[in-house]
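Notes follow once the structure below has been shown.
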Amino acid sequence: MKNTKNTKNMIEAEGLTKNYGEVVAVDHIDIEVASGEIFGFLGPNGAGKTTTVRMLTGIIRPTRGRVRIAGFDLRRDPIKAKEVMGVVPELSNAYNGLSAWRNLQLMAELYGVPAKDAKARAEGLLVRFGLHDRKDHKTRTFSKGMKQRLVIAMSLMSDPEILFLDEPTSGLDVLSARMIKEVLRELNNEGKTIFLTTHYMEEANQLCNRVAIINHGKIAAVDSPEKLKARMGGLGRVEVSFDTPVDSSDLRRLSGVTDVRASGDKTYLYTDEPGRTIQHLVDCCRSGGMEIVTLNTLTPTLEDVFIKLTGDGEVSVGDANALEGAANNDS
Amino acid sequence: MIPDLMDQMRRAFAIAKKDVRIYYLNGPVVIFGILAPAFLFLAFMIGRDLPVDFLIAGLLGMTVFFTSTSITPVIAPTETQTRNLERLAAAPVSITTILFGDMIASVFFGIAISLVPIFLGVAFGVAIAHPLILAVGIVLAAFCFSALGLVFSSTPTSMTSTVMMISMLTKFPLVFVSGVFIPIQEMPSWGRALASLSPLTYITDLCRYCIEGTCANYYPVPLDICALAVFLVIFMVTAVKLHERSLPMRL
Ligand SMILES: Nc1ncnc2c1ncn2[C@@H]1O[C@H](COP(=O)(O)OP(=O)(O)OP(=O)(O)O)[C@@H](O)[C@H]1O
Ligand SMILES: [Mg+2]
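Residue numbers (the numbering used here), protein chains in the order written: chain A, 56 to 386; chain B, 17 to 267.
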């Protein structure tokens, strides 16, 4: 079962392309995911994430390009390649007419897991995902969150070396989402490779070693979250709020400030040198007799990077902050 | 190669087990499986003075035909709609394995339900002259008709009603041209030519040989068996080819 060919990269795709008639859903993308990595795959709706995952997992055939999973060519050795991966498709279901237990056993049988291992593993997973007391109930009676947890448990029945998840936490409550994230972290600590598609930036920021941002079927950037943020100049800003309204033209003249925007009782100073800007800001206030209520430096978030790379217009501070708030709530 | 094949075989059985639990083991399906061919048969036979062994042979052929083609057409559209198919497509099983699994479940159902007319016949005092050949014929026919059901289910739709319509539109002509209602011996030559195109003709002919006695069949027994086997291969190959094409369209 666990016979992965000796290779550093668990997932390799070259020139992966998918055309749907005139539509180019995925356009010559290359992906390399190393063993033991959590790789995040981000992109706006319709960017081609699901199409890419389907090609990487052998569910649909690429129009062009090649995929290797744990060293197995997906086209030549589809069964071997599929045996080493667990898949949680975007819109998938367990069999409604079967109990949680039977769904797990079906997966074990489909992946050739010996019956004895399958029993022990199913027990463990049901406990881990908080479904043990419902294990003999038909999944028709499960809530959305329970179903999703079951689908993830099903993908783990074969103890796969590589796990693909397409938006596993979308629409789940904070606790379920956190449970899933914890499971992913644990699996990663055991050395599993994880390919994660998500719309939650904070989730990707926390979990992923590297992320790729895909837009219009092309990869816009691949790097670790911190390096991506560092690479994006002009997104650092200082958030300040004063006790009285302040003329923004004074602030514009401060050293390092590239732009000033006000939003509610806060003013945002865009700067490439936050340290210098703060010093000058404090000096300026002291001489002008203004009082600072709060002062924060904001480093760019993955969200800022995402919007900069995928948004068609300019970054809007108001929007960025609203979304940031949403992402932070989620963490 | 051989171990891989064995693995796929075991996985096909897992799929068959799933099918039986979800689609076959529910009351309405079983009752419909028993009643539908019986009613249809009675509707055509009432008022015609025919011997009971002729009737039972025809009923047996019809039962295998209708039960084996009843559920296989709807599995793929249903699983498209319930979104189980993508999960299955991600598993390490080939399309042939999935279809083979569906076929095995259908064969079991077909065989189990066909015991009903056999017992009915025995209760009416019909003697079965060649039980072994009858068993071979019924198993082969169940495989053949299940594969036919899989050809219907390859329509890339999630609407079971569409598939059911296509299936009915094909099944009824196959019944009417076959030798179920009129012995082939009594047909005009164009009728015989038409009858030879329906797989149902051969299983009914075989049943007549096994139940009524040696002279009741029209075709030689080996020809009946070969014809069923040839139909099975044609249906299965067609089903696999069509499903390979339609599966990506279902996602
Ligand atoms: N089966 C299909 N037939 C035709 N076009 C398709 C098909 N599947 C996807 N597409 C098109 O391919 C493009 C990429 O779709 P895809 O589902 O991969 O996006 P995504 O990044 O997963 O989006 P989301 O975030 O909404 O899930 C879209 O323009 C979509 O309309
Ligand atoms: Mg998607």
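The beta carbon of each residue, even a glycine, is placed where N, CA and C say it ideally should be.
Quick caveat, the model's predicted, so the values are computed rather than measured.
Annotation: the stretch 250 to 330 of chain A contains the following complete segments of the beta strand (DSSP E) (minimum length 3 residues), in chain order: 265 to 270, 273 to 278, 292 to 297, 312 to 318, 321 to 326. Linking LEU239(A) to THR253(A) through their CA atoms gives a straight-line distance of about 13 Å.
Within 9 Å of the CB of ARG208(B), no CB atom of chain A is found; the nearest one sits about 45 Å away.
The beta carbon of LEU111(A) does not come within 8 Å of any beta carbon belonging to chain B, so the residue lies off that interface. Listed along the chain, the chain B residues whose CB falls inside 8 Å of the CB of TYR166(A) are ALA107, PRO108. Counting along the chain, the unbroken beta strand (DSSP E) around GLU67(A) starts and ends at 64 to 75.
No Cβ of chain A is located within less than 8 Å of the beta carbon of ARG261(B). In this model, THR118(A) and ASP82(A) are separated by some 10 Å (Cα to Cα). Identification of chain A residues near THR88(B) by a Cβ-Cβ cut-off of 9 Å yields none; the smallest Cβ-Cβ distance measures about 17 Å.
Setting aside the 5 residues that flank it on each side, LEU244(B) is surrounded in the same chain by LEU156, ALA157, CYS160, TYR218, each with a C-beta closer than 6 Å to its C-beta; the list follows chain order.
Chain-order list of chain A residues neighbouring ASP23(B): GLY167, by C-beta distance under 7 Å. With contacts defined as CB atoms closer than 8 Å, GLY272(A) and GLY103(A) qualify as a contacting pair.
Excluding five sequence positions before and after MET175(B), the CB atoms of its chain that fall closer than 7 Å to its own CB belong to PRO93, given in chain order. With distances taken between CA atoms, LEU251(A) lies nearest to VAL266(A) out of VAL266(A), MET65(A), GLU237(A), LEU165(A). Collapsing the DSSP output to three states places PHE184(A) in coil.
When DSSP states are grouped into helix, strand and coil, GLU87(A) belongs to the strand group. Residue LYS34(B) holds the alpha-carbon nearest to the alpha-carbon of ALA163(A) among LEU75(B), LYS34(B), GLU228(B). When secondary structure is reduced to three states using DSSP, THR196(A) falls in the helix class. Per the CB criterion, closer than 7 Å to any heavy atom of ligand 2, the qualifying residues run in chain order as LYS104(A), THR105(A), GLU145(A), ASP221(A), GLU222(A), THR252(A). Around GLU138(A), the beta-carbon contacts reaching into chain B at under 8 Å are PRO108.
By alpha-carbon distance to CYS263(A), the top candidate from ARG286(A), MET287(A), GLU237(A), ALA275(A) is GLU237(A). Contacts with chain A at 8 Å (Cβ-Cβ) include ASP20(B).
In the structure shown, PHE57(B) adopts helical secondary structure according to DSSP, grouped into three states. Residue nearest to LEU41(B) within the set HIS259(B), ALA211(B), PRO264(B), SER122(B) is SER122(B) (criterion: CA-CA distance).
Chain-ordered listing is empty here: chain B has no CB closer than 8 Å to the CB of ASN74(A), the nearest sitting near 13 Å.
Neighbours of ARG37(B) across chain A, judged by C-beta separation under 8 Å: GLY152, LEU153, ARG157. In the DSSP assignment, ASP128(A) forms a beta bridge with ARG123(A). Nearest C-alpha to SER194(B) among MET180(B), LEU248(B), PHE82(B), SER214(B): SER214(B). Annotation for THR220(B): the continuous alpha helix (DSSP H) segment containing it runs 215 to 228. Counting only residues of its own chain and dropping the five nearest sequence neighbours on each side, ASN233(B) has a CB closer than 8 Å to the CB of ASP221, LEU222, ARG224, TYR225, ASP240. Fewer than three pairs of CB atoms, one per stretch, sit closer than 8 Å, so the stretch 182 to 198 of chain B makes no contact with the stretch 245 to 264 of chain B.
Proximity to THR107(A) across GLU138(A), ASN74(A), GLY91(A) peaks at ASN74(A), based on C-alpha coordinates. Taking non-hydrogen atoms of ligand 1 into account, the C-beta of LEU267(B) is found less than 7 Å away from one of them. Checking the 7 Å criterion, the Cβ of GLY195(B) is out of range of every heavy atom belonging to ligand 1. If you draw a straight line from the Cα of ARG331(A) to the Cα of PHE297(A), it is about 19 Å long.
DSSP, read as helix, strand or coil, puts ASN351(A) in strand.
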